[in-house]
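Protein chains: 2
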Amino acid sequence: MHILNIIVLFLVYSLTVSGDSLIDKAKRSGLIPIPNSADELLKMIDPDKMLTPERIELGKMLYFDPRLSKSSKISCNWCHNLALGGVDGVSKSIGDHWNGNPNHLNSPTVYNAVFFKRQFWDGRAKSLEEQIKGPLLAPFEMASTEKLLVDRIESIPEYVKLFREAYGDGMKIDLKSIALTISLFERTLITPSRYDKFLHGDENALSEKEKIGLDTFIDKGCVICHNGVALGGDMQPFELRSKYKHRDVGGFHGNGKRLMKVPTLRNITDTAPYFHNGMIWSLRDAVKEMSNVQVAYKVEFTDEKGGRQIKVNIIPINLTDEDVDNIVAFFHSLEGVKPTIEYPQLPKYRD
Amino acid sequence: MHILNIIVLFLVYSLTVSGDSLIDKAKRSGLIPIPNSADELLKMIDPDKMLTPERIELGKMLYFDPRLSKSSKISCNWCHNLALGGVDGVSKSIGDHWNGNPNHLNSPTVYNAVFFKRQFWDGRAKSLEEQIKGPLLAPFEMASTEKLLVDRIESIPEYVKLFREAYGDGMKIDLKSIALTISLFERTLITPSRYDKFLHGDENALSEKEKIGLDTFIDKGCVICHNGVALGGDMQPFELRSKYKHRDVGGFHGNGKRLMKVPTLRNITDTAPYFHNGMIWSLRDAVKEMSNVQVAYKVEFTDEKGGRQIKVNIIPINLTDEDVDNIVAFFHSLEGVKPTIEYPQLPKYRD
Numbered sequence: 000m001h002i003l004n005i006i007v008l009f010l011v012y013s014l015t016v017s018g019d020s021l022i023d024k025a026k027r028s029g030l031i032p033i034p035n036s037a038d039e040l041l042k043m044i045d046p047d048k049m050l051t052p053e054r055i056e057l058g059k060m061l062y063f064d065p066r067l068s069k070s071s072k073i074s075c076n077w078c079h080n081l082a083l084g085g086v087d088g089v090s091k092s093i094g095d096h097w098n099g100n101p102n103h104l105n106s107p108t109v110y111n112a113v114f115f116k117r118q119f120w121d122g123r124a125k126s127l128e129e130q131i132k133g134p135l136l137a138p139f140e141m142a143s144t145e146k147l148l149v150d151r152i153e154s155i156p157e158y159v160k161l162f163r164e165a166y167g168d169g170m171k172i173d174l175k176s177i178a179l180t181i182s183l184f185e186r187t188l189i190t191p192s193r194y195d196k197f198l199h200g201d202e203n204a205l206s207e208k209e210k211i212g213l214d215t216f217i218d219k220g221c222v223i224c225h226n227g228v229a230l231g232g233d234m235q236p237f238e239l240r241s242k243y244k245h246r247d248v249g250g251f252h253g254n255g256k257r258l259m260k261v262p263t264l265r266n267i268t269d270t271a272p273y274f275h276n277g278m279i280w281s282l283r284d285a286v287k288e289m290s291n292v293q294v295a296y297k298v299e300f301t302d303e304k305g306g307r308q309i310k311v312n313i314i315p316i317n318l319t320d321e322d323v324d325n326i327v328a329f330f331h332s333l334e335g336v337k338p339t340i341e342y343p344q345l346p347k348y349r350d
Numbered sequence: 000m001h002i003l004n005i006i007v008l009f010l011v012y013s014l015t016v017s018g019d020s021l022i023d024k025a026k027r028s029g030l031i032p033i034p035n036s037a038d039e040l041l042k043m044i045d046p047d048k049m050l051t052p053e054r055i056e057l058g059k060m061l062y063f064d065p066r067l068s069k070s071s072k073i074s075c076n077w078c079h080n081l082a083l084g085g086v087d088g089v090s091k092s093i094g095d096h097w098n099g100n101p102n103h104l105n106s107p108t109v110y111n112a113v114f115f116k117r118q119f120w121d122g123r124a125k126s127l128e129e130q131i132k133g134p135l136l137a138p139f140e141m142a143s144t145e146k147l148l149v150d151r152i153e154s155i156p157e158y159v160k161l162f163r164e165a166y167g168d169g170m171k172i173d174l175k176s177i178a179l180t181i182s183l184f185e186r187t188l189i190t191p192s193r194y195d196k197f198l199h200g201d202e203n204a205l206s207e208k209e210k211i212g213l214d215t216f217i218d219k220g221c222v223i224c225h226n227g228v229a230l231g232g233d234m235q236p237f238e239l240r241s242k243y244k245h246r247d248v249g250g251f252h253g254n255g256k257r258l259m260k261v262p263t264l265r266n267i268t269d270t271a272p273y274f275h276n277g278m279i280w281s282l283r284d285a286v287k288e289m290s291n292v293q294v295a296y297k298v299e300f301t302d303e304k305g306g307r308q309i310k311v312n313i314i315p316i317n318l319t320d321e322d323v324d325n326i327v328a329f330f331h332s333l334e335g336v337k338p339t340i341e342y343p344q345l346p347k348y349r350d
């Protein structure tokens with residue numbers, strides 16, 4: 000499957016031609032802005048028409064509620080802190096009884112995660128709803144069980160009322176409806192930025208340096224993996240050129256074979272430390288490391304006797320210090336406006 | 000000193016006479032509403048005129064910022080959760096590396112803490128500002144040091160800017176100014192309730208049962224310790240009549256001698272579990288236990304040959320089930336309106 004992915008990306012990438020405006024070039028390279036119109040955005044984040052204000056509000060409450068964890072101390076927000084770019088800012092996530100992720104994996108941001116095609120570093124969940132069950136139940140994260148979750152929520156009369164109001168009287172409070180509700184709140188965690196303004200046609204939305212950075216980002220092939228609305232969020236092979244320098248720490252790696260979820264670059268300036276095991280603290284160093292570890296591709300089409308031939312050329316990325324500077328400048332244009340969130344008042348247990 | 004306290008309370012208590020309106024009786028018993036007027040309120044919470052919008056906003060950011068802890072995972076809000084009545088809802092507070100409070104002490108609420116005369120269960124801090132240094136530095140709570148705190152904040156350019164804007168260019172970022180700023184935010188965490196409306200003269204603000212509860216609360220002597228604006232917050236001796244039933248668990252106790260801070264009763268329905276070691280989960284049970292553990296006093300003045308004599312009569316509290324019911328009903332009238340808090344966006348470390 001990943002070969003197909005790469006081929007599609009080749010094609011997109013190879014369509015980039017010089018002489019284009021940078022906006023056109025970016026779009027032809029697979030970069031997609033967050034839609035300007037609410038209708039278009041809703042088509043993207045709510046294809047199943049599940050969003051309602053009641054569900055979003057209830058989802059927000061659950062997101063911030065530490066009582067969803069076995070200890071009653073750990074909310075979703077503890078590792079995906081909406082005040083800190085949707086992450087916890089430490090290298091590996093820490094959960095129940097201070098246990099760390101056994102694979103030393105870093106908490107990815109929840110902002111714009113609705114645009115990801117896959118969730119988790121290994122991409123094992125196809126939706127936010129599916130992803131949420133992971134940390135709720137993992138013994139080293141929130142350490143709940145379905146029974147515990149349902150018991151807790153059913154012991155809080157106001158929650159029961161809000162679930163019924165959100166879905167109707169016959170609804171069942173279970174792991175599925177709890178995860179769904181949290182995911183509906185998460186769908187709204189979208190952060191439009193100056194970069195989106197630019198892609199929508201405002202040429203002054205980016206500085207000259209940021210434009211050079213974007214151009215370099217495309218030309219050097221970063222865009223082969225970091226594309227779509229999220230500039231990431233799909234699966235790609237890792238360590239195509241050489242081994243990641245912190246592979247001794249834990250986390251799973253790639254060897255050019257194993258697929259890893261490409262992290263979003265939106266708000267990347269907020270979400271240090273970097274990489275799947277959170278071992279690189281500087282964004283400049285992270286960009287350099289990607290330039291060492293990965294390669295870009297270029298596709299050539301040649302018409303020969305037997306028909307059209309496709310030739311894949313592997314190109315080292317080789318970023319200069321100036322390239323890195325410019326790319327990091329571009330990343331600043333991806334800093335988005337976070338939705339305003341009123342900190343909830345959570346309902347209490349039955350008296 | 001505590002003898003003096005008790006005497007003062009005797010006097011207040013003994014002034015309660017029958018025939019009064021319940022509002023007058025409550026006020027004469029030492030119960031004070033949250034002022035209606037902003038001026039009066041400010042006199043109470045800001046006698047030193049330190050509050051400004053900039054400082055409150057910065058204080059809010061620091062309150063929610065887990066980077067003030069050694070691990071970068073624990074904010075003030077982790078144990079004093081503004082979504083959960085200003086507490087964490089577990090019996091003993093949990094901090095750095097999941098270490099618990101060595102005395103098995105329960106996190107008290109931060110709401111209305113500005114009205115407390117003393118902070119901490121043992122009353123060792125006289126102000127919020129002084130209290131805040133405790134959890135910031137305690138190895139089993141946030142585990143910071145002054146150097147760590149200052150280094151962290153000075154690595155976040157936006158914080159440095161906000162501190163300068165709040166206090167002037169010459170100000171020093173140190174433990175004192177950090178704690179002060181958080182305390183200024185905490186001064187605003189005030190929750191007026193139906194009970195306040197009642198004390199301000201709205202006789203319909205309480206139900207009949209709640210009024211009976213308030214009357215019982217006064218007559219049985221609960222008000223001897225639970226008085227003032229916070230219905231608590233000053234020091235009083237504990238275990239005056241018999242031993243607390245969960246004294247085996249940890250926490251320090253009283254034996255009728257040691258002073259303990261009287262917890263506020265505002266929002267008490269939100270802040271289970273109860274008692275200093277958080278061992279009682281039901282509010283009814285907590286009220287019953289207080290009725291077993293403590294005593295009330297009644298003072299008699301007799302004019303005898305040698306002059307006026309004061310006689311202190313110790314009275315068992317002895318609450319019936321109906322009394323407990325009524326008192327708990329009254330406690331519901333103390334559920335306050337929490338201030339609306341926009342969840343902050345925290346600034347990032349230097350690039």
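If you're matching them up, the sequences are chains A and B in order.
Just so we're aligned, residue 0 is where the first sequence starts under my numbering, counting upward by one.
Just so we're aligned, residue 0 is where the second sequence starts under my numbering, counting upward by one.
Every residue gets a Cβ at the ideal spot worked out from N, C-alpha and C, and that includes glycine.
- According to the DSSP assignment, residue 83/B belongs to no alpha helix (DSSP H), since it is labelled neither H nor E.
- As DSSP reads the structure, residue 300/B sits in a beta bridge with 309/B.
- Less than 9 Å divides the Cβ of residue 334/B from the Cβ of residue 269/B.
- Given a length threshold of 3 residues, each whole run of the beta strand (DSSP E) inside the segment 221-305 of chain B is given here in chain order: 234-236, 258-260 and 294-303.
- For residue 182/B, the enclosing alpha helix (DSSP H) covers residues 174-185.
- Cβ neighbours of residue 216/B within its own chain (closer than 7 Å, five residues either side excluded): 222, 326 and 329.
- With respect to chain B, the C-beta atom of residue 216/A has no partner C-beta closer than 9 Å.
- For the set 25/A, 126/A and 103/A, the Cα lying nearest the Cα of residue 44/A is the one of 126/A.
- Residue 54/A and residue 149/A have their C-alpha atoms spaced approximately 17 Å apart.
- Taken in chain order, the whole alpha helix (DSSP H) runs of length 4 or more contained in the segment 113-162 of chain A are 127-136 and 145-153.
- Each residue's CA atom was taken as its position, placing residue 131/A and residue 336/A some 24 Å apart.
- Checking the DSSP bridge columns, you'll see residue 107/A has no partner listed.
- DSSP, reduced to helix, strand and coil, places residue 61/A within a helical segment of the structure shown.
- Contact check for residue 346/A against residue 156/A passes: the beta carbons are separated by less than 9 Å.
- Going by beta carbons, residue 229/A and residue 264/A fall inside the 9 Å limit.
- Interface annotation for the segment 63-94 of chain B against chain A: 63, 64, 65, 66, 70, 71, 72, 77, 80, 81, 82, 83, 84, 87, 88, 89 and 93, criterion Cβ-Cβ distance under 8 Å.
- Using a CB distance cut-off of 9 Å, residue 130/A does not count as an interface residue toward chain B.
- The segment 297-313 of chain A makes no contact with the segment 137-144 of chain A; the number of CB pairs closer than 8 Å stays below 3.
- Between residue 87/A and residue 106/A, the gap from beta carbon to beta carbon is short of 9 Å.
- Per the coordinates, the alpha-carbon of residue 280/A lies some 15 Å from the alpha-carbon of residue 323/A.
- In the structure shown, the three-state DSSP call for residue 315/B is strand.
- Pairwise C-beta distances place the segment 237-247 of chain B out of contact with the segment 58-76 of chain B, as fewer than three of them are shorter than 8 Å.
- Beyond the five residues adjoining it in sequence on each side, residue 31/A comes within less than 6 Å, by CB distance, of 227 and 228 in the same chain, given in chain order.
- Interface annotation for the segment 316-344 of chain A against chain B: 327, 331, 337, 339, 340, 341, 342, 343 and 344, criterion Cβ-Cβ distance under 9 Å.
- Taking a cut-off of 8 Å on C-beta distances, the segment 165-172 of chain B does not touch the segment 82-98 of chain B, as fewer than three cross pairs fall below it.
- For residue 164/B, the secondary structure class from DSSP, reduced to helix, strand or coil, is helix.
- Leaving aside the five residues that flank residue 194/B on each side, the residues in its chain whose CB is nearer than 6 Å to its CB run, in chain order, 332 and 333.
- Counting only residues of its own chain and dropping the five nearest sequence neighbours on each side, residue 285/B has a CB closer than 7 Å to the CB of 273, 274 and 279.
- When DSSP states are grouped into helix, strand and coil, residue 341/A belongs to the strand group.
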